[in-house]
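The block underneath contains the structure these notes are about, expressed in structure tokens.
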Amino acid sequence: MRIDIISLFPEMFAGPLGHSILKRAQEAERLHINVVNPRDFTFDKHHTVDDTPFGGGAGMVMKPEPFFRAVDHITKDSTITNRRIVLMCPGGYRLDQAKVKELANYEQLILLCGHYEGIDERVRLHLVDETISVGDYVLTGGELPAMIVADSVARMLPGVLGSSDSAPQDSFYNGLLEYPQYTRPREFNGMEVPEIIVSGDHAKINRWRHKQSLKNTLERRPDLLENKELSVEDAKLLAEIIAEQTGG
Ligand code: 4GS
-15 MRIDIISLFP EMFAGPLGHS ILKRAQEAER LHINVVNPRD FTFDKHHTVD DTPFGGGAGM
45 VMKPEPFFRA VDHITKDSTI TNRRIVLMCP GGYRLDQAKV KELANYEQLI LLCGHYEGID
105 ERVRLHLVDE TISVGDYVLT GGELPAMIVA DSVARMLPGV LGSSDSAPQD SFYNGLLEYP
165 QYTRPREFNG MEVPEIIVSG DHAKINRWRH KQSLKNTLER RPDLLENKEL SVEDAKLLAE
225 IIAEQTGG
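Residue numbers are given in the working numbering: position 23 of the sequence shown equals residue 7, and the series is strictly consecutive.
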């Protein structure tokens, strides 16, 4: 997969996207990340990327031309047809794991990062395919959101995670939070690990883990259970959890 990022601050990406799993993915050529600066697609003496808003008001608005030209530069000699152009923006679709999986199916993502007050609306209307938000809060730019999209999508690509089965066990894979994990020592400063996970009985351990996932989800993110279809086993485990909580 190719991820092209259009940002006024290309240096911001080297750290977060240049280490660990994403570094290995790029070295193995499973992922190619390229950052371009819209300032390089301006032709006036001062390389102007923003201007005052028509109609007046405070702050600056990012001009449309540098974004259109940067996208054109990225796409013009490319044979890729399966691409998605995404604008990072608080008004967009709130990113979730289903959206991450969907984005991971494209051959190329082009992520547009705004800065300052806003971006000329013609970019949203005529250049991008969709807008995505990383949450209901305001950041200083779209750079951190673009990094979040790049990181979450990259780890879904085949061969990117070290062990082929570590993605399925993560939070949200089955729509539930993770079960708790423990490692050595069995006792640390008087704190012990649950007896069951050192029992060696893998059927019991799996049932316990799944029950803990349901319990964590019920306690911390009950909204995740609202739209979930529960199996008979899930319903039984949930009933046990609720009975334990109410002391019954
Ligand atoms: C987000 C967000 C964001 C909005 C960019 C104000 C600078 C800023 N982008 N998810 N102008 N949350 N963008 O806060 O995507």
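The beta-carbon is built from N, C-alpha and C at its ideal position, and this holds for glycine as well.
In this structure, the alpha-carbon of Val177 lies about 27 Å from that of Gly146. Assigned with DSSP and collapsed to three states, Asn66 falls in coil, not helix or strand.
Nearest neighbour of Asn66 by Cα position, chosen from Thr167, Arg78, Asn89 and Leu79, turns out to be Asn89. In the same chain as Pro(-6), and ignoring 5 residues on each side of it, the C-beta atoms closer than 6 Å to its own belong to Val19 and Asn21, in chain order.
Between ligand 1 and Thr124, a heavy atom-to-CB distance of less than 7 Å is present. About 22 Å separates the beta carbons of Leu160 and Val118, which is beyond the 8 Å limit, so they are not a contact pair. Closest in alpha carbon position to Gln92, among Lys220, Arg14 and Asn200, is Arg14. By the criterion of at least three beta-carbon pairs nearer than 8 Å, the stretch -5 to 4 is not in contact with the stretch 34 to 48. With a threshold of 7 Å, the Cβ atom of His99 counts as near ligand 1, since some heavy atom of the ligand is closer than that.
Secondary structure in the stretch 121 to 147: the alpha helix (DSSP H) runs of 4 residues or longer, each lying completely within the stretch, are 127 to 138 in chain order.
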